[in-house]
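Data first, discussion second: the structure below is written as structure tokens.
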Amino acid sequence: IKRYRYKESGLDNVYLKNSAILHRCVCGQKYMEIPQIERLHDAIAYRLLNKKTIWRGQEFRFLRKWVSLTAEELGRVLGHVRRGTISRWENDKIPITPATHHQMLLLVLRLKEEAINERMSLEIAIKEILEKVAEKAKTPASITITPDTIRSLPFPALKGGR
Numbered sequence: 015i016k017r018y019r020y021k022e023s024g025l026d027n028v029y030l031k032n033s034a035i036l037h038r039c040v041c042g043q044k045y046m047e048i049p050q051i052e053r054l055h056d057a058i059a060y061r062l063l064n065k066k067t068i069w070r071g072q073e074f075r076f077l078r079k080w081v082s083l084t085a086e087e088l089g090r091v092l093g094h095v096r097r098g099t100i101s102r103w104e105n106d107k108i109p110i111t112p113a114t115h116h117q118m119l120l121l122v123l124r125l126k127e128e129a130i131n132e133r134m135s136l137e138i139a140i141k142e143i144l145e146k147v148a149e150k151a152k153t154p155a156s157i158t159i160t161p162d163t164i165r166s167l168p169f170p171a172l173k174g175g176r
């Protein structure tokens with residue numbers, strides 16, 4: 015589809031250009047496929063975070079959901095803001111103040127930075143492991159397990175002793 019209005023995002027002003035694929039089932043029903051939806055949401059959020067004006071309610075809601083916060087969780091993080099207040103912001107019943115906009119912007123950036131740092135740390139750890147096993151050993155290395163080794167495992171025991 016050349017241009018698709020992406021209402022499923024909860025935003026009334028997002029259009030996908032050459033990004034949505036229309037399929038038709040054998041039963042005749044049509045359905046839309048949107049590839050790489052997480053990256054699409056990242057792109058929408060990026061545009062919102064760089065917006066020069068205060069967000070509309072639906073944009074505020076999109077960003078809250080993008081960082082996986084419930085209205086209650088966001089209220090606690092913002093400093094005991096009630097869920098009803100957040101609902102009124104998100105439904106444009108009361109205006110989002112510049113201070114709230116700024117606070118939310120900083121929160122979203124911090125949460126995404128933490129997620130990126132966690133992902134980078136994981137990728138570095140995986141790379142280091144892969145580099146260690148890149149060469150096949152000529153003789154199998156011995157594995158020594160002590161009670162401390164077992165106690166210090168970074169994950170719980172599986173149920174059923176497996």
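Residues 15 to 176 in our numbering are what the sequence shown spells out, letter by letter. No residue lacks a Cβ here, since even glycine has one placed at the ideal position from N, Cα and C.
Item: Taking the alpha-carbon of L36 as reference, which of G93, T163, I15 and T153 has the nearest alpha-carbon?; Value: I15
Item: Hey, which unbroken runs of the alpha helix (DSSP H) at 4 residues or more fall wholly within the segment 94-131?; Value: 97-104
Item: DSSP has M46 in a bridge; who is on the other side?; Value: L36
Item: If L25 sits next to E104, beta carbons under 8 Å apart, how far is it from one beta carbon to the other, in whole angstroms?; Value: With a Cβ gap of about 12 Å, L25 and E104 do not count as contacting.
Item: Using DSSP bridges, identify the partner residues of Y29.; Value: R19
Item: Determine contact between the segment 85-102 and the segment 138-147, defined as no fewer than three beta-carbon pairs at a distance below 8 Å.; Value: no
Item: Here's the rule I'm using: 16 or more other beta-carbon atoms within 10 Å means buried, otherwise exposed. How should F169 be labelled?; Value: exposed
Item: Any idea if I159 is buried or exposed, counting beta-carbon neighbours within 10 angstroms, 16 or more meaning buried?; Value: exposed
Item: Roughly how many whole angstroms lie between the Cα atoms of L62 and Y45?; Value: 27 Å
Item: Give the range of the alpha helix (DSSP H) segment to which F76 is assigned.; Value: G71 to W80
Item: Check I138 in the structure and name its three-state DSSP category.; Value: helix
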